[in-house]
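For reference, the structure is listed below as structure tokens.
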Amino acid sequence: KENFAGHQVLRISAADEAQVQKVKELEDLEHLQLDFWRGPTHPGAPIDVRVPFPSLQAVKIFLEAHGIGYTTMIEDVQALLDEEQEQMFALRAW
Amino acid sequence: ARSSDTFNYATYHTLEEIYGFLDLLVAEHPQLVSKLQIGSSYEGRPIYVLKFSTGGSNRPAIWIDTGIHSREWVTQASGVWFAKKITQDYGQDPTLTAILDSLDIFLEIVTNPDGFAFTHSKNRMWRKTRSLTEGSSCVGVDPNRNWDAGFGLPGASSNPCSETYHGKFANSEVEVKSIVDFVKNHGNIKAFISIHSYSQLLMYPYGYTEEAAPDRDELDQVAKSAVTALTSLYGTKFEYGSIIKTIYQASGTTVDWTYSQGIKYSFTFELRDTGRYGFLLPASQIVPTAQETWLALRIIMEHTLNHPY
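So the sequence lines, in the order shown, correspond to chains U and B.
Just so it is clear: in the first sequence, position 67 is 67 by our numbering, and no numbers are missing.
For any residue, its number in our numbering is found by taking its place in the second sequence, counting from 1, and adding 1000.
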């Protein structure tokens, strides 16, 4: 089963069209293995992207270098998945 | 669960549990509910649709589907809740009773069974189908880019490794083709609602072109009323509009195809995440999400009933 330990979901705020395009450049870099949960659309619309641990630093440096704001929406995807599984199994046991 | 009354709607379920629920509901309401198999998935799983009907033959109908993107778990869970709600409210809720006295409702809860099974067994983040693409090591096609409406235009990817890969040709995915064949054979579907998550949107055609749909004004009005009803319950904010204007250009989408087939009331929902969970919406939000969405669905279904075409 795929493990997502260390994966984070970043919520990116692209302030203008140029920043949206910059984020779209990220989308094309296959080696980063980014998973866009909400893709880049228009300025002001939140962009959510799951970033595998090995790519985290590069992505954050890229965003900061281009002055693109972001917050960490999910600190550790696997932790949330574990919670979800526990909840399902607990109720099933019940 | 021994009955649909003891089934737990406030937790996520496996494919087997959901398929078991379908049989429970049919057994409890044989006069109202039947289960149709419209095909088999790429990996051979049955594709089931619940039919809610109070009689008649080939009545005008409403189609609702959930789970076409397998990781959007709150949608399949909401579909289960809708199914139970319909059986509870027929004969109780005057609006739903009027709808079902004239229209049939088709509800496909697990529209991408292979992908859904995969999210439970191997990869919770899986979105696409599980079909193999010759010449590529990447698996799956985005079933919401595979329809014959603007297929292959900008707004989908030709790269089999992309999450929005449109597939080698329109309707290449049996999960899509099964619905296409059903809709064409039925020939009397008047509303088609495909439910996704997340980002709290209610959208109508088009996704592949900036051109306004001929019925844009009416669709916009219905969407506005539906969103108002949805927000009235828990204050969940929704935006509405055409796909291309509300999010981005998306080609080969479900509702662009259904609209092209003359099904005027074609809508796509993107259900909540009001917080910061994305696809990992806590199970505690399943029922509130389904409840608020139901209010919007009732508006669309009532409008369809009152505006025959």
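Yeah, the Cβ is synthetic: ideal placement off N, Cα and C, and Gly gets one too.
All of these numbers come straight from a predicted model, not from anything done at the bench.
Through-space distance from residue j to residue i, alpha-carbon basis
i         : j         : result
Ser1131/B : Ala5/U    : 27 Å
Phe36/U   : Lys1122/B : 19 Å
Lys1085/B : Thr41/U   : 35 Å
Ile1109/B : Asp16/U   : 39 Å
Ala1156/B : His1166/B : 6 Å
Thr1293/B : Leu1230/B : 6 Å
Glu64/U   : Glu84/U   : 32 Å
Gln1031/B : Gly1055/B : 9 Å
Ser1057/B : Val1033/B : 15 Å
Thr1246/B : Arg1002/B : 43 Å
Ser13/U   : Thr71/U   : 8 Å
Phe1052/B : His1120/B : 29 Å
Glu1134/B : Asp1101/B : 48 Å
Leu29/U   : Thr1006/B : 48 Å
Ser1040/B : Asn1112/B : 10 Å
Phe1151/B : Ala1250/B : 9 Å
Val1080/B : Gln57/U   : 41 Å
Phe1169/B : Pro43/U   : 33 Å
His7/U    : Gly1275/B : 18 Å
Ser1199/B : Leu10/U   : 15 Å
Ile47/U   : Lys24/U   : 10 Å
Ile1068/B : Leu1295/B : 22 Å
Met88/U   : Val1287/B : 15 Å
Thr69/U   : Asp76/U   : Note that residue 69/U is Gly in the sequence shown here, rather than Thr. Roughly 20 Å between the two C-alpha positions.
Glu27/U   : Arg1145/B : 18 Å
Leu80/U   : Leu1201/B : 24 Å
Burial state of residue i (16 or more Cβ within 10 Å)
i         : result
Pro1308/B : exposed
Lys1237/B : exposed
Tyr1234/B : exposed
Arg1045/B : buried
Lys1190/B : buried
Leu1280/B : buried
Phe1267/B : buried
Pro1160/B : buried
Trp1242/B : Note that residue 1242/B corresponds to Ser in the displayed sequence, not to Trp. The residue is buried, with at least 16 neighbouring Cβ atoms inside 10 Å.
Gln1076/B : buried
Thr1164/B : buried
Ile61/U   : exposed
Asp1065/B : buried
Arg92/U   : exposed
Gly1091/B : exposed
Nearest-angstrom Cβ-Cβ length linking residue i and residue j, presumed shorter than 8 Å
i         : j         : result
Ile1038/B : Ser1178/B : 5 Å
Tyr1012/B : Trp1073/B : 5 Å
Asp1114/B : Glu1016/B : Contact doesn't hold; Cβ gap of about 14 Å is too wide.
Arg1059/B : Asn1188/B : 7 Å
Arg1272/B : Gln1291/B : With a Cβ gap of about 11 Å, Arg1272/B and Gln1291/B do not count as contacting.
Trp1126/B : Arg1071/B : 6 Å
Leu1103/B : Leu1305/B : 6 Å
Tyr1240/B : Met1203/B : 7 Å
His66/U   : Gln21/U   : Their Cβ separation, rounded to whole angstroms, is 10 Å, which puts His66/U and Gln21/U out of contact at 8 Å.
Contacts of residue i in chain C (Cβ-Cβ under 7 Å)
i         : result
Asn1171/B : In the displayed structure, chain C is absent; the protein chains listed are U and B.
**Message:** Tell me which residues of the segment 1229 to 1261 of chain B have at least one Cβ-Cβ distance to chain U shorter than 7 Å, keeping chain order.
**Reply:** Ile1247 and Tyr1248
**Asked** For the segment 1260 to 1286 of chain B, which residues have a CB atom closer than 8 Å to at least one CB atom of chain U, in sequence order?
**Response** Arg1276, Tyr1277, Gly1278, Phe1279, Leu1280, Pro1282 and Ala1283
**Request:** Taking a Cβ distance cut-off of 8 Å, strictly less, list which residues of the segment 1113 to 1134 of chain B are near chain U, in chain order.
**Result:** Ser1121, Lys1122, Asn1123, Arg1124 and Met1125
**Request:** Tell me, please, whether the segment 1136 to 1156 of chain B touches the segment 1220 to 1229 of chain B by the rule of three or more beta-carbon pairs shorter than 8 Å.
**Result:** no
**Request:** Count the CB pairs spanning the segment 43 to 52 of chain U and the segment 26 to 34 of chain U that are closer than 8 Å, and state whether there are at least three.
**Result:** yes
**Message:** Please identify, using Cβ separations under 9 Å, the residues of the segment 29 to 52 of chain U that lie next to chain B, in order along the chain.
**Reply:** Glu30, Asp35, Phe36, Trp37, Arg38, Gly39, Pro40, Thr41, His42, Ala45, Pro46, Asp48 and Arg50
**Request:** Determine, using beta-carbon pairs with one atom in the segment 1215 to 1225 of chain B and one in the segment 1170 to 1186 of chain B, whether at least three such pairs fall under 8 Å.
**Result:** no
**Request:** For the segment 1190 to 1201 of chain B and the segment 1248 to 1260 of chain B, state whether three or more C-beta atom pairs, one from each stretch, are separated by less than 8 Å.
**Result:** yes
**Within 7 Å of chain U by C-beta, residues of the segment 1170 to 1202 of chain B in sequence order** = Ser1199
**Message:** If the cut-off is 7 Å on Cβ atoms, which residues from the segment 80 to 91 of chain U count as contacting chain B, listed in chain order?
**Reply:** Leu80, Leu81, Glu84, Gln87, Met88 and Leu91
**Prompt:** Which of the residues in the segment 2 to 23 of chain U, read from start to end, lie with their CB under 8 Å from any CB of chain B?
**Reply:** Glu2, Phe4, Val9 and Arg11
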